[in-house]
Amino acid sequence: MPTVTMTVNGMERSGTVEGRTLLVDFLREHLGLTGTHVGCDTSQCGACVVHVNGSSVKSCTSLAVQADGADVTTIEGLANGADLHPMQEAFREHHGLQCGFCTPGMVMSAVDLANRNADPSEHEVREWLEGNLCRCTGYHNIVKAVQAGARAMGGGS
Amino acid sequence: MSGNGTGIGASVKRKEDARFLTGRGRYTDDINLPGQLYGYILRSGMAHAKIGAVHTDAARAAPGVHAVFTGKDMEGVGGIPTGWLIHSKDGSPMVEPGHPALAIDKVRYVGDCVAIVVAETAEQARSAANLIDVEREELQAVASIEAAEADGAPLVFDEAPGNVCYDWEVGDRAATDAAFDAADHVVSIDVVNNRLIPNAIEPRAAIANYDPATGDYTLYTTSQNPHLVRLLLGAFVLGLPEHKLRIVAPDVGGGFGSKIPHYAEEAILTWTAGQLGRPVKWTCERLDAFKSDTHGRDHISTAKLALDADGHFLGLHVTTKANLGAYLSTFATCVPTYLYGILFAGPYTTPAVYCEVKSFFTNTVPVDALRGAGRPEATYLLERLVDKAAVELGMDRVEIRRKNFIREFPYQTPVALQYDHGDYDATLDLALKAADWAGFEGRRAEAAARGKRRGIGISTFIEACGIAPSAVVGSLGARAGLYESGSVRVHPTGSVSVFTGTHSHGQGHETTFAQIVSDMLGVDFDAVDVVHGDSAKIPFGMGTYGSRSLAVGGTAIYLAVEKVIEKGKKIAAHLLEASAEDIEFENGSFTVAGTDRSKTLGEVALTAYVPHNYPEGLEPGLEETAFYDPLNFTFPAGTHIAEVEVDPETGEVELVAVTGADDVGRIINPMIVDGQLHGGLAHGIGQALLEECVYQDDGQLETGSYMNYTMPRAADLPSFNINHNTTLCTHNPLGAKGVGEVGSIGVPPAVINAVIDALRPLGVNDMSMPATSQRVWQAIQRANG
Amino acid sequence: MNDFTYHAPTSLDDALAALRGAEGGTLIAGGQSLLPIMKLNLAAPTDVVSLAGVAGLDGISDDGDSVTVGAMCTHAQVAGSATVQGRIPALAAMADGIGDAQVRNAGTIGGSLAHNDPAADYPAACVALGATIVTDRREIASDDYFQGMFMTALEDDEIITAVRFPVPARAAYAKFANPASKYAVAGVMVADGPAGVRVAVTGASGDGVFRMAAMEDALRGSFSAEAVAGIGVSSDGMLSDTAAGAEYRAHLVAVMAKRAVEACG
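Protein chains in written order, with this note's numbering: chain A, 1 to 157; chain B, 1001 to 1785; chain C, 2001 to 2265.
Structure below.
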């Protein structure tokens, strides 16, 4: 069985996996990073979004072996100690979450947008979030949070 | 109620967010128990079939497999019960067939549980399930109401002729007939309320454990109401007393009604854990969730409204057929009856209302509550019909509503409910202004210049929340009480733990309830923790559904706090050498009236637990529990306005504006309340424009994944224009009504009325939900002849 | 998902060797098409050979008359490429509309073309622009490459290395997306370039991408929306599903074609 080594939230982590082990399962089951969620089997819901080498991807549609050697950031790696990341803080401030299940993927996706666009319009945010489903919020406050978070990030994470 | 920075009325940021935002939420699938095995549920791929032998030898021999159980193995274990007995018009009880957790002899829908495979890993269990050979004889399926009621239709249950579960009515038929006889105008409508799949983003999951040392069972499950699961699983399925069955519903990723029912998988897992003496974990995959989470809505209705020459409503007659699916889920039977028929007065003074509902078994997933549960179906029908009446009578759509509003309270409707209070003109006026209703024709013309057809639609509605009281619902067939408990424990150091039988799966109870307690007791908001979701910690509870948590659960907490204060006064009186009657409590201090002599809550609490100097005969401790059984439903009401633009070339409907003016009663946390409204609106808009569960005639689910079941996405929705006009509920001390379902109840007819308004110049006068681009395009083609 | 042996070669030769040595091997690029079907057990390869580490499959170059896109370029890279935006803006815009942001970050042009989903966007762009599919052993004209739903001219062990797009005088893509999956229900790329005026349609037909000869003829006469507005599209052979029946799909093809012509300016 293959061994994979990747940097996860700044720490080098290794594990023995099967070829078929999905990145999300490696994170959740092998590393205990249960903040990344699984909400569907067909790559639509986005609850599993993490960053691989700085870009947001769906960890349910990535193999752990594909991430061998990569730099992976999950929701657990976003905050700086007790200080929330500006995007996390914006979600809190603007009530951009309710049940919290889609939230990790939503935040990780939003950070990727903010890294590309420091001041996204409402339309740009709504289009960007096509790959993230939320059933609780109607997206209203998520959109506000993403805009505010992007501005707070000032063009970089 | 001080309304300070964290008190009642303040938009306090949520306590729960810190863990959710950092990936530290603890959902059921995040929990792992030592030695756990994984269960995989083999489901029926056929909608209707006799099953013979189930050959499991190959699966049992597969790598890692510990056990395989089938319906025969669980025979003798109780079936999955239903929570509400409905009686038909003739007084006979509904047909209530058995629901074995694992199918025995017959499967009745695609997704029906056939076997459980338990293995070392989830992949091993799933792979082994492929090796199970089920001897099946496929039967013709009935996958819709039309198929179920057809002459000679196959029977889902032999004991239910015509596939009918019950034929129920409410209201005075003779009086309604008389109203139609006297009418100047009769307007009728046929509507379908489209079937929906709830799709909480967290799929269901469960872990069951059995401790042979104590005989205790523990089930972690994705439930909106852990105590209700304990009641149904313990008393009806496994025959376990309450103290031997602990149900934990930890963080739950959305419910929307689909996590109310007690599901077969919960029973299968708990029983299996008992058989094996090891924890067994199961996580539903999304594709299985589509065919095993209860579905919602699915009505076919015809209705007629009698009016006088001036447009006053005289009578309403509604005939509905409802699809219950293959088995009776927990609240399936009351959703199309006591949560539906009794809503038909709406906000109007219609003096005679009659509603009859025939419910059918079909070979489809069981249907149960979904955000709004019965009330969206009623509101949609009524508000479509009122709009149609305005058009046919040549009246203004707003004025016909205003002309018929109830203005005197309390108001006894002809369909059982008594509205305590409301102000429907106020929310209507507020919404019209906020939506710039008066300026709409200008926007219509501007859109027309761009080649778009713009329309505006309105819905004025009422809902009934916090279903109650227990004695009344009991007389109507409910098999449980509908009260709530709340416990308030003031610790010796002055911090407070609050225990509620309601359950938060997104609603923010940990924040809202802490605001109430913090405000009432004058303790720091951060010193109040709210505990929910564990039957071992909370005295009793009925959970969260029907927008009940604040009005019922919040009131129980309120009453428990009052008891704490009363006891605290006795302790303070003793310390201050005064009479308890002379003690006043404010801002966390007990004061002798008219003096500056006082004791803080902290001092009183410490005394309660270190009772060295203590009133004679008074129990130590400062912890109180209250059970609250409401006197009545609560009646949130409001007006929703939707504005759409239709691309006549493609049929695409763009929702350009949504305005709500809502009266949800006392608002504890405006930020959270608006969030609830947003979510409900999105759900209602999803029903109106996007979502539709489609079954093929053979009972196969055509819309079985996110590839073909359209979930509302961010780009499908506008930002919402939310407005409030508050009147207080008169029969609970908080004045609270409820907010969780408002959007999904009020907005669907506003959206469809807007679509029809946009298309009417093209000759289109009707539109079904969801108004997909194809459906709109086809309607335009038909109108063009 | 069945387990498999994973290979991570660093050269084309090693990738080909791994593929040839496997009983039922398949290539993986970004995995955005392959992994979903493997999760549904619609594909169960014994070996999965990753192209991620193979040198020379990335990069976008401006070759004057054409733009060459490396097979491992992601949709996001194509959408964000200054070269593509400058030379073939319709291609950049099309890539920006594929799937969602995360799919665009992982999915590649080579993977998409090898998979040839009948509702994918790239086939319409390749055929309309007259692109050439470059492989480890030959060059294949788009007209020969697409051979029906999920069928291509690729041999079992052939690897796409790049795609060469001639720069058109004008081109535009209009897509009507399935509201649930966001795949194309009707996606029409109209191009006026070295390969002539071409109208290529994806998403609509069970046979995959196809050209609308009648529209191309009309546009050669007069490159205007009016020229194609009156041309009906037959519903024969059109896909039909919950979101769009054959008749509606055929209608949408006509509307999208008209809008793509309008967008050509």
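Cβ coordinates follow ideal geometry from the N, Cα and C atoms, glycine included.
| Asked | Found |
| --- | --- |
| Shorter than 7 Å, the distance from the beta carbon of A67/A to the closest heavy atom of the ligand PLP, or not? | With respect to small molecules bound, the structure shown includes none, and the ligand PLP cannot be examined in it. |
| Using alpha carbons as the reference points, say which of D1298/B, Q1676/B, F1360/B and R1548/B lies closest to G1506/B. | Q1676/B |
| Quick check on this structure: which residue in E1356/B, G1083/B, D1534/B and G1522/B has the alpha carbon closest to the alpha carbon of A1007/B? | Checking the sequence shown, residue 1007/B turns out to be Gly, not Ala. With distances taken between Cα atoms, G1007/B lies closest to G1522/B. |
| If you measure between the beta carbons of T36/A and P2036/C, is that distance less than 8 Å? | no |
| Determine the burial state of M2151/C: buried for a count of at least 16 other Cβ atoms within 10 Å of its Cβ, exposed for fewer. | exposed |
| Cα separation between H2075/C and E1649/B? | 30 Å |
| V1117/B and A1326/B: beta carbons closer than 8 Å? | no |
| Once DSSP output is grouped into helix, strand and coil, what is the label at Y1340/B? | coil |
| By the 9 Å beta-carbon criterion, what residues does the region 2168 to 2194 of chain C contribute toward chain A? | A2180, S2181 and K2182 |
| For E1581/B and A1573/B, I'd like the C-alpha separation in whole angstroms. | 8 Å |
| Give a yes or no on whether the C-beta atoms belonging to Y1628/B and P1620/B are separated by under 8 Å. | no |
| Applying the 10 Å Cβ sphere with the 16-neighbour rule, what's the burial state of N2041/C? | exposed |
| Is it a yes or a no for the region 1371 to 1383 of chain B touching the region 1334 to 1347 of chain B, going by three-plus beta-carbon pairs under 8 Å? | yes |
| Report the neighbours of L2252/C on chain B: residues whose CB is nearer than 8 Å to its CB, in chain order. | T1650 |
| Check P2235/C in the structure and name its three-state DSSP category. | Contrary to the premise, residue 2235/C reads as Ser rather than Pro in this sequence. Of the three classes helix, strand and coil, the one that applies to S2235/C here is coil, per DSSP. |
| Taking Cβ to Cβ, would you say T1639/B is nearer than 8 Å to T1427/B? | yes |
| Distance check for G1111/B and D954/B, CA to CA, integer angstroms please. | Since the first and last residues shown for chain B are 1001 and 1785, residue 954/B lies out of range. |
| Please decide whether L23/A counts as near chain B, where near means a Cβ-Cβ distance under 8 Å. | no |
| Beta-carbon within less than 7 Å of V1142/B's beta-carbon, same chain only, minus the 5 sequence neighbours each way: which residues are those? | A1148, A1153, P1154, V1156, N1163, T1362 and N1363 |
| Which one of G2030/C, A2257/C, V2049/C and S2033/C has the shortest CA to CA distance from T2010/C? | V2049/C |
| For the region 1024 to 1043 of chain B against the region 1075 to 1091 of chain B, do three or more pairs of beta-carbon atoms, one drawn from each stretch, fall closer than 8 Å, so that the two count as touching? | no |
| Let me know if P1100/B comes out buried or exposed under the rule of 16 or more other beta-carbons within 10 Å of its beta-carbon. | buried |
| Quick test of your reading: T1512/B and N1669/B, contact by CB under 8 Å. State the CB separation rounded to the nearest angstrom. | 5 Å |
| Buried or exposed for G1684/B, please, with buried defined as at least 16 other CB atoms from any protein chain shown within 10 angstroms of its CB. | buried |
| If the criterion is Cβ atoms closer than 8 Å, does the pair G1651/B and V1776/B meet it? | yes |
| Could you confirm whether any beta carbon from chain B is found closer than 8 Å to the beta carbon of T74/A? | yes |
| Any idea if N1784/B is buried or exposed, counting beta-carbon neighbours within 10 angstroms, 16 or more meaning buried? | exposed |
| Spatial neighbours of F1344/B within its chain, please: CB distance less than 7 Å, with the 5 preceding and 5 following residues excluded, ordered by chain position. | L1316, V1318, V1353, C1355, A1378, L1382 and V1415 |
| Would you decide whether T2108/C is buried or exposed? Buried here means 16 or more other CB atoms lie within 10 Å of its CB. | buried |
| Does the beta carbon of A2106/C come closer than 8 Å to any beta carbon on chain B? | no |
| Please name the residue in G2030/C, E2216/C and Y2248/C whose C-alpha comes closest to that of V2127/C. | E2216/C |
| Assuming the contact rule is C-beta atoms closer than 8 Å, A148/A and E93/A should be a hit. Round their C-beta distance to whole Å, please. | 7 Å |
| Taking only the alpha-carbon atoms, compute the straight-line gap between S1002/B and V1012/B and give it to the nearest angstrom. | Because S1002/B sits at a pLDDT of 43, beneath the cut-off of 50, its placement in the model cannot be relied upon, and the following sentence gives the value as read from the coordinates. Between S1002/B and V1012/B, the C-alpha separation is close to 14 Å. |
| Taking 6 Å as the limit between beta carbons, can you name the residues of its chain near G1078/B, skipping five residues before and five after? | F1236 and V1237 |
| First and last residue of the beta strand (DSSP E) that includes L1037/B? | L1037 to R1043 |
| List, from N- to C-terminal side, the beta strand (DSSP E) runs of 3 residues or more that fit wholly inside the region 2130 to 2180 of chain C. | 2132 to 2135, 2139 to 2141, 2160 to 2166 and 2170 to 2177 |
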